[in-house]
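Here the sequence shown stands for residues 228 to 463, where the numbers follow our numbering.
Glycine residues also receive a C-beta, built at the ideal position from the N, C-alpha and C atoms.
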Amino acid sequence: MRKTKIKIKGLSKNFGEKKVLKNLDLNIYESESLAIIGESGSGKSVLTKCIDGLESFDSGIISYDNIENIGDLKNLQKDQYMTKFGILFQNAALLDSLTVKENLEFSQKKNVKEILKDLSIPENLLNEYPNTLSIGVQKRIGLARAILKNPEILILDEPTTGLDPIISKQINLIIKKLVKEKKITTITVTHDMNSVYEFSDYTAFIKNGSISWYGKSKDIKKNGNKPLLNFVKGIY
């Protein structure tokens with residue numbers, strides 16, 4: 228039986244007059260990989276930031292295990308909650324003033340060499356600085372840093388954006404291996420349907436600030452949701 232990890236009910240988020248999320252409902256299940264897809268500006272990244280505590284929300288409830296509503300958490304409680312997440316940001320968000328080794332040890336000093344092997348990162352890069360490396364390598368290092376936190380939830384924000392098809396395929400296969408082996412609950416925001424089909428169990432499609440379609444990723448092309456099918460075809 229699927230175990231609910233995060234339950235979102237009636238979530239709304241505005242930026243001034245712009246309504247980004249509108250009464251959104253979504254369940255996220257333990258040890259599953261969920262892809263969140265939708266057009267640019269549809270609220271995908273805002274949703275994950277509300278989930279991990281980086282953004283507040285205007286109304287609704289986000290419950291997490293025994294936490295009834297993360298919107299009610301204060302200061303230290305919220306800081307502790309945010310440690311449950313490992314995040315790969317879209318631009319990798321590595322600290323250029325630190326070496327690769329120092330960036331990784333920022334999360335954890337143990338198991339660095341093990342995670343390097345898992346992600347096919349050569350050890351001779353440990354003393355290099357991020358700005359000397361390709362974006363594909365930076366993304367892998369960012370993913371390693373997120374994993375080293377031993378998170379309950381892994382959030383991947385556009386993990387293949389800016390990468391060529393060959394490197395994108397490599398990243399997708401690495402993520403697939405990690406997700407399946409470590410059984411980490413994973414939320415991936417992406418435009419890359421290859422990522423969706425490669426390692427996501429379920430997909431949520433956001434349209435106009437709400438979930439327009441939710442189901443198994445393998446069933447996307449079988450559904451009758453025209454906006455989703457147009458999105459998959461690249462027709463926005």
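- Query: What are the partner residues of Phe312, as DSSP defines its beta bridges?
  - Reply: Ile380
- Query: Would you call the CB atoms of Asp419 and Ser444 closer than 8 Å?
  - Reply: no
- Let me know if Gln365 comes out buried or exposed under the rule of 16 or more other beta-carbons within 10 Å of its beta-carbon. buried
- Would you list the residues sitting across from Ser437 in a DSSP beta bridge? Lys434
- Sort out for me which residues DSSP pairs Tyr324 with in a bridge. According to the sequence provided, residue 324 is Ser. The question's Tyr does not apply to it. Partner(s): none; Ser324 has no beta bridge.
- Task: Name the two residues that bound the continuous alpha helix (DSSP H) containing Lys337.
- Result: Per DSSP, Lys337 belongs to no alpha helix (DSSP H) and is neither H nor E.
- Measuring alpha carbon to alpha carbon, tell me which of Lys305, Glu244, Asn358, Ile402 ends up nearest Ile342. Ile402
- Could you spell out the range, first to last residue, of the alpha helix (DSSP H) harbouring Ile411? From DSSP, Ile411 is part of no alpha helix (DSSP H); its letter is neither H nor E.
- Query: Looking only at C-alpha atoms, which of Ile255, Lys245, Lys410, Ser347 sits nearest to Lys236?
  - Reply: Ile255
- Task: Please confirm whether Leu315 and Leu352 have their CB atoms less than 8 Å apart.
- Result: no
- Task: Could you pull out every residue in the same chain whose Cβ sits closer than 6 Å to the Cβ of Ile233, ignoring the five residues on either side in sequence?
- Result: Ile255, Tyr291
- With 16 as the cutoff for other CB atoms within 10 Å, does Arg229 come out buried or exposed? exposed
- Message: Following a CB-centred definition, is Leu303 positioned closer than 7 Å to any heavy atom of the ligand ATP?
- Response: As for the ligand ATP, it is missing from this structure, which has no ligand bound.
- Who pairs with Gly442 in a beta bridge, going by DSSP? Thr430
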